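One structure is given here, and the rest of the page talks about it.
There are 2 protein chains.
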Amino acid sequence: MSYQIAPLSRLIEQLERLPGIGHKSAQRLAFHLLNMPEKAAEDFIGALKDAREKLQECTVCCNLADGELCPVCRAGNRDTGLICVVEDPQDVMALERTREYTGTYHVLHGTISPMDGVGPEQLRIKQLLTRVAESDVREIIMATNPTVEGEATAMYLSKLLKPFGVPVTRLAYGIPVGGDLEYADEVTLRRSLEGRSRIE
Amino acid sequence: MSYQIAPLSRLIEQLERLPGIGHKSAQRLAFHLLNMPEKAAEDFIGALKDAREKLQECTVCCNLADGELCPVCRAGNRDTGLICVVEDPQDVMALERTREYTGTYHVLHGTISPMDGVGPEQLRIKQLLTRVAESDVREIIMATNPTVEGEATAMYLSKLLKPFGVPVTRLAYGIPVGGDLEYADEVTLRRSLEGRSRIE
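One line per chain: the protein sequences are A and B, in this order.
For the first sequence, our numbering begins at 1 and goes up steadily by one.
For the second sequence, our numbering begins at 1001 and goes up steadily by one.
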């Protein structure tokens, strides 16, 4: 007979659906969640429900927010003349970690991907155009991922933005810091050659 | 400024506490959980709550069960004269996967570990002794893990079980199938030599 305890199997099954969680990890997680003290389990479920209920999109940049504005748009000390266009809220987190960028963002929530049935109308493109039309924007930095979809989306947007006369730029491609030339793929190497700069 | 959206940070923090989940994975999981359709999120939370509420210990073997008896004890076609003593319900799952063992189990829910403040009274030892005293047991197989605590617990139990006159055995130690002699540690090799058997 096969060993099946319905509520346990269901929990393991649910955990297996999460990204990067295989069967063994799902099992280990399930037993961990089962053995948690009641209070810890309540906190866990509470945090999940809370995040799903309270998080909304920033009315300016479409980033995740727990109010009308996201922390970046709310901050007041960011350069609103600079908009960095990214695919997802995760990318905002990554760029914020550099502590280098002082402008604002615009989160598309995806890329144009006809294969997955995602067209421009599913992205927050209208909001970006309205924003550029209504405020004083000096530069728009395309920071979509260097994938086919990311590139295509950046190209599409730069065409749409042309009539506004705002310069549109692109993040630099190249060898990752700490990377090894030997292991870099040819496309990255080619881009890295094209983008070479003079050492002063 | 640091990028902090309270409900999101709390969710990531909760996920980071899970075993084997680092910060990056927690972040990825959080966004996955946030982007889930409402129905899927309800199923996820439901499975977790359900498992925590419905799972109890089998009244015979202390394995996890969704009723009075676990699937093994409920099956009716298992050899109740054979008891395999394991540390955790996970071990039952692992042994069941072999499709080899037809006896029953007894789940201790841990090992004796004075360092972690776990004494014999926290384990399901009393239940094991009662079971051996009250039913017709032919053999008890110790299948605790080959760790210091697992060994000590097996030794302790075999002493406690002596008065019942039931033979107590131990799982074989040795080189794992597919393993390499070259990489086996000395203790395993020594045990594997001691346990050698004649090729017929």
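Every residue gets a Cβ at the ideal spot worked out from N, C-alpha and C, and that includes glycine.
In this text the structure is predicted, and so the values were computed from the model without any measurement.
Drop a sphere of 10 angstroms on the beta-carbon of B:Tyr-1105, count the other beta-carbons inside from all chains shown, and report buried for 16 or more, exposed for fewer.
buried
Report the partner residues of B:Cys-1084 according to the DSSP bridge assignment.
B:Tyr-1105 and B:Ile-1141
Measuring straight from C-alpha to C-alpha, what distance separates B:Gly-1110 and B:Val-1072?
20 Å
Counting only Cβ pairs nearer than 8 Å, list the residues of chain A close to B:Gln-1122.
Under the 8 Å cutoff, chain A gives no residues; its nearest Cβ is about 13 Å from B:Gln-1122.
Between B:Asp-1066 and chain A, is the shortest Cβ-Cβ distance under 7 Å, so that the two count as touching?
yes
Partner residues on chain B for A:Phe-164, Cβ-Cβ distance less than 9 Å
Per Cβ cutoff of 9 Å: no residues; A:Phe-164 is ~28 Å from chain B at best.
Contact criterion: CB-CB distance below 7 Å. Does B:Ile-1045 meet it with respect to chain A?
yes
Reduced DSSP secondary structure (H/G/I, E/B, other) of B:Gln-1004:
coil
Taking buried to mean at least 16 other C-beta atoms within 10 Å of its own C-beta, is A:Thr-147 buried or exposed?
exposed
Using a Cβ-Cβ cut-off of less than 9 Å, list which residues of the segment 15–42 of chain A approach chain B; keep chain order.
Leu-15, Arg-17, Leu-18, Pro-19, Gly-20, Ile-21, Ser-25, Gln-27, Arg-28, Leu-29, Ala-30, Phe-31, His-32, Leu-33, Leu-34, Met-36, Glu-38, Ala-40 and Ala-41
Does DSSP put A:Val-168 in a helix, in a strand, or in coil?
strand
A:Ala-184 in three-state terms, based on DSSP:
coil
At the level of alpha carbons, what is the spacing between B:Leu-1129 and A:Ile-12?
32 Å
Work out the CA separation of B:Glu-1194 and B:Pro-1176 for me, nearest whole Å.
15 Å
Only counting runs of 3 or more residues, tell me where the beta strand (DSSP E) segments fall wholly within the segment 17–93 of chain A, in order along the chain.
79–86
Which chain A residues sit within Cβ distance under 8 Å of B:Arg-1131?
The contacting residues do not exist; B:Arg-1131 stays about 20 Å from chain A at best.
Given that a residue counts as buried once 16 or more other Cβ atoms are within 10 Å of its Cβ, and exposed if not, what is B:Pro-1007?
buried
In terms of alpha-carbon separation, which member of B:Pro-1037, B:Val-1132, B:Lys-1054 and B:Val-1118 lies closest to B:Leu-1082?
B:Val-1132
How long is the line joining the alpha carbons of A:Glu-186 and B:Glu-1151, rounded to whole angstroms?
55 Å
Could you name the residues of chain B that A:Asp-50 contacts, counting a contact when the two beta carbons are closer than 8 Å?
Pro-1007, Arg-1010 and Leu-1011
My output table needs one value for A:Glu-13: the three-state DSSP class, helix, strand or coil.
helix
Close beta carbons around A:Val-137, own chain, < 7 Å, minus the five adjacent residues each side:
Gly-81, Ile-83 and Val-166
Flag this pair as yes or no: are the beta carbons of A:Val-107 and A:Asn-145 separated by less than 7 Å?
no
When DSSP builds the beta bridges, which residues end up paired with A:Val-118?
A:Ser-113
Consult DSSP for B:Glu-1194 and reduce its assignment to one of helix, strand or coil.
helix
By DSSP, does B:Pro-1176 sit in helix, in strand, or in coil?
coil
Hey, A:Thr-169 and A:Met-142 are a contact pair by Cβ (cut 8 Å); roughly how many whole angstroms apart?
7 Å
Can you give me the Cβ contacts of B:Leu-1029 inside the same chain, cut-off strictly under 6 Å, excluding the 5 residues immediately before and after it?
Leu-1015
Tell me the rounded alpha-carbon separation between B:Ile-1005 and A:Gly-103.
18 Å
Member of A:Ala-51, A:Gly-22, A:Val-85 and A:Leu-48 whose CA lies at the smallest distance from the CA of A:Ser-158
A:Val-85
Between the CA atoms of A:Ser-25 and A:Phe-31 - distance to the nearest angstrom:
10 Å
Who are the Cβ neighbours of A:Tyr-156 in its own chain at under 8 Å, not counting the five residues just before and after it?
Ile-112 and Pro-120
Any beta carbon of chain A sitting closer than 7 Å to that of B:Leu-1055?
yes
Which class does A:Pro-146 belong to by DSSP, given the choice of helix, strand or coil?
coil
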